[in-house]
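A.B. asks:
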Amino acid sequence: MKFAYDIIKKPVITERSMMGSQNNKYTFEVAADAGKIEIKKAVEEIFGVKVQKVNTIKLPGKWKRMGVHVGKRPDIKKAIVTLTPDSKGIELFENMM
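Residue numbering for the sequence shown follows the numbering used here, starting at 1 and increasing by one per position.
And the structure:
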């Protein structure tokens, strides 16, 4: 059994994700093997909000070079969480604006 903090790794703080927070959409980096239902339950447990829907995106890691050495950044999975209209906002994102 996974804990909520194992599923939600960190919030994604970008200009685009901040614009989405005005429409009750919040972006998080999540565990690669987490499903939408697990993500929904984890966000509701951690932040005490009601989630309407969850969209997920898998992003492959980029190949990077440093001289003759070649390496790959890790793959990540992002989740865009939409809250219900009557739900309060997430304070972590509200303080950024």
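C-beta: ideal position from N, C-alpha, C; glycine also.
1. Quick test of your reading: LEU92 and ASP75, contact by CB under 8 Å. State the CB separation rounded to the nearest angstrom.
2. Just the Cα atoms here: how many angstroms apart are ILE13 and THR27?
3. Pick out whichever of ARG65, SER87 and ASP33 has its Cα sitting closest to the Cα of LYS77.
4. Note down the Cα distance separating ASN24 from ALA31, rounded to an integer number of angstroms.
5. Where does ALA32 fall in DSSP's three states?
C.D. replies: With the structure as the only source:
1. So it is not a contact: roughly 25 Å between Cβ atoms.
2. 8 Å
3. ASP33
4. 22 Å
5. coil
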